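*Asks:* Residue numbers (the UniProt record's numbering): 1 to 203. From the three backbone atoms N, C-alpha and C, an ideal C-beta is built for every residue, glycine too. Here the structure is a predicted model, which is why all the values come from computation and not from measurement.
Have a look at this one:
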């Protein structure tokens, strides 16, 4: 008769030998499901670590302006949804809602009146191409960075209030831009932002 641990214990039997079931859990297959679970938990933890969070400030013509937390691969329309959606006064045609948001960016949604004021440049609505050249928004739909008002500059992708102020300040201190690439000389505007707006601007 065996006593103590039953692991590996065998009992003599005239009819043959009977092997008792091992009780040491470390030697059984019962640990395999736990190992799989632990592996799955580690993979989930790794996924969470890889998931990047970013914060954006959504303001202007939205129902609930504020700072919102989204994943780093979120699009502009998702940030707007977080802010309660656009108001009736929003100039949504000025937005590229498929644009990927950037951490720490400010998303300003202008109103139709603000866009109109920027296009007018303080005067009347543009009637022809000659008048268009005098205002920030030209007949080809591009923004003239040498003449555009602050509000109109803010309709460009990736250009918030701070960057629009910096552009206006640069023009005041250094004069007109000689080429659109000069925009990267403005404080806060690097290659990434320029790539977003290069097809939306002109001089």
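Out of 187, 88, 54, 73, point me to the one whose CA is closest to residue 60's CA.
*Replies:* 88
*Asks:* Under the DSSP definition of a beta bridge, which residues are partnered with residue 70?
*Replies:* According to DSSP, which records beta bridges pairwise, residue 70 is partnered with 54.
*Asks:* What do you get for residue 53, buried or exposed, if any count of 16 or more other CB atoms within 10 angstroms of its CB means buried?
*Replies:* exposed
*Asks:* Please confirm if the region 150-167 is in contact with the region 97-115, defined as three or more CB-CB distances below 8 Å between the two stretches.
*Replies:* yes
*Asks:* So does residue 79 have its beta carbon nearer than 8 Å to some heavy atom of the ligand SAH?
*Replies:* Ligands are entirely absent from the displayed structure, and the ligand SAH is therefore not among its contents.
*Asks:* Between which two residues does the alpha helix (DSSP H) harbouring residue 163 extend?
*Replies:* 161-174
*Asks:* Compare the beta carbon distance of residue 90 and residue 112 with 9 Å and say whether it is the shorter of the two.
*Replies:* yes
*Asks:* What distance in whole Å lies between the Cβ atoms of residue 180 and residue 202, which are believed to be in contact at a cut-off of 8 Å?
*Replies:* 7 Å
*Asks:* Going by CA-CA distance only, name the one from 80, 188, 200 that's closest to residue 63.
*Replies:* 80
*Asks:* Could you tell me if residue 186 is buried or exposed, where buried requires 16 or more neighbouring beta carbons within 10 angstroms of its beta carbon?
*Replies:* buried
*Asks:* Am I right that residue 76 and residue 99 are in contact with their C-beta atoms under 8 Å? What's the rounded C-beta distance?
*Replies:* 5 Å
*Asks:* Between the beta-carbon of residue 103 and the beta-carbon of residue 56, is there less than 9 Å?
*Replies:* yes
*Asks:* Can you tell me which residues form a DSSP beta bridge with residue 90?
*Replies:* Bridge partners of residue 90: 111.
*Asks:* For a test of the three-state rule: what should DSSP assign to residue 182, helix, strand or coil?
*Replies:* helix
*Asks:* Just to confirm, are residue 157 and residue 196 a CB contact at a threshold of 9 Å?
*Replies:* yes
*Asks:* Measure the CB-CB distance between residue 193 and residue 159 and report whether it falls below 9 Å.
*Replies:* yes
*Asks:* Where residue 161 and residue 200 are concerned, what is the direct C-alpha to C-alpha distance, given to the nearest angstrom?
*Replies:* 17 Å
*Asks:* Pull up the distance between the alpha-carbon of residue 163 and that of residue 84, whole angstroms please.
*Replies:* 25 Å
*Asks:* Residue 189 lies in the alpha helix (DSSP H); which residues open and close that run?
*Replies:* Careful: residue 189 lies outside any alpha helix (DSSP H) and carries neither H nor E.
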